[in-house]
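All residue numbers for the sequence shown refer to our numbering, where the first residue is 76 and numbers rise by one. Virtual Cβ for every residue (Gly too), placed ideally from N, Cα, C. Model, not experiment: these values are computed from the prediction. See structure below.
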Amino acid sequence: MNIDKIITRFSNLSQVGMFLFSMFSVYYFVIPIYQKEIISEELAKKEVELKTIKKEIEKSIVIIKEQQSKLSVITLQKLTSSIYIECTGIMSNSGSFYDEMLKIDIDTCMNNVLTSSLVGELTNIQLDKIKNKSVLLAVEAEVEKKKAINEIKSITIKNFKKDDIELSEFQESILHLRHLAGATEKDINDFYINVEMENIKHQIMSKYQKKISVIFEKLKDIDIF
76 MNIDKIITRF SNLSQVGMFL FSMFSVYYFV IPIYQKEIIS EELAKKEVEL KTIKKEIEKS
136 IVIIKEQQSK LSVITLQKLT SSIYIECTGI MSNSGSFYDE MLKIDIDTCM NNVLTSSLVG
196 ELTNIQLDKI KNKSVLLAVE AEVEKKKAIN EIKSITIKNF KKDDIELSEF QESILHLRHL
256 AGATEKDIND FYINVEMENI KHQIMSKYQK KISVIFEKLK DIDIF
């Protein structure tokens, strides 16, 4: 009888021991492993999310850079056009367009354009590159301007023939009025000489205008990126 009780108690104790061991195993082994799996799964999800976010950010950066590049190119084109308009005097309302063109201080004119609101889309580094280049281009343009001035000053008309000088309709009208007003032969000759000088001056200035246009266009070739 005592043996049966002992066996029964031992069996009960064994069950209790097994229960405690099971609880211990679950608490110290199963639960941590399960938690670790959950954490690993969450980390994997977060890693995927981070990669997705990173890709989106990289795409956004590329788009922003492309937009900035386009804006910079457009701004550079606007600057070049503005410099051409302002620094050639092409929009001048003056009667003597070529005289106004030769009066322009190209270096000052270009600097004024490069300090205007047009440069708002450019970075300081880009603007510095453009300004450094513009200094060289201004010198190049001034050299061409001095050449044009010297050519104009050296114009001389000798042994000209009236028939070789082509008059515009306006000039024909003026000549007709001078004849009606009783102009002398010398006056008529002087008129033809002035017309021929203006024609030569026009040729010189047209050549000068083309040269400085080519010079200003070099601004577009600057690597601002």
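| query | result |
| --- | --- |
| Report the rounded CA-to-CA distance for L154 versus V194, giving the unit in angstroms. | 8 Å |
| Relative to the C-alpha of E196, which candidate in V123, V148, S115 has its C-alpha closest? | V148 |
| Nearest CA to the CA of V188: which residue from D298, I299, F291? | F291 |
| Identify the continuous alpha helix (DSSP H) that holds K293 and give its terminal residues. | Where K293 is concerned, there is no enclosing alpha helix (DSSP H), given that its DSSP letter is neither H nor E. |
| Does the pairing of the stretch 276–292 with the stretch 219–231 give three or more beta-carbon distances under 8 Å? | yes |
| How would you write the range of the alpha helix (DSSP H) that T183 sits in, first residue to last? | 181–189 |
| Can you list, in chain order, the residues of its chain whose CB lies under 8 Å from that of K276, leaving out five sequence neighbours each side? | Y173, I227, I230 |
| Rounded to a whole number of angstroms, what is the C-alpha to C-alpha distance between K293 and V137? | 28 Å |
| Do the stretch 241–256 and the stretch 206–220 touch if we need at least three Cβ pairs shorter than 8 Å? | no |
| When we look at the beta-carbon of L252 and count the other beta-carbons within 10 Å, is it buried (16 or more) or exposed? | exposed |
| Should K237 and Y267 be called a contact, given that it needs their Cβ atoms to be closer than 8 Å? | yes |
| With a 10 Å radius around its C-beta and 16 neighbouring C-beta atoms as the bar for buried, classify G257 as buried or exposed. | exposed |
| Which of the three DSSP states is assigned to L197 in this structure? | coil |
| How long is the line joining the alpha carbons of D180 and M272, rounded to whole angstroms? | 25 Å |
| My guess is that M185 and I158 are in contact by the Cβ rule of under 8 Å, so how many angstroms apart are they, rounded? | 6 Å |
| Less than 8 Å between the CB atoms is what I'm expecting for Q152 and K295, so what's the real figure, rounded? | 7 Å |
| Counting C-beta neighbours from all protein chains within 10 Å, is the total for T150 16 or more, i.e. buried, or is it exposed? | buried |
| Exposed or buried, what is S209 when buried is set at 16 or more other beta-carbons lying within 10 Å of its beta-carbon? | buried |
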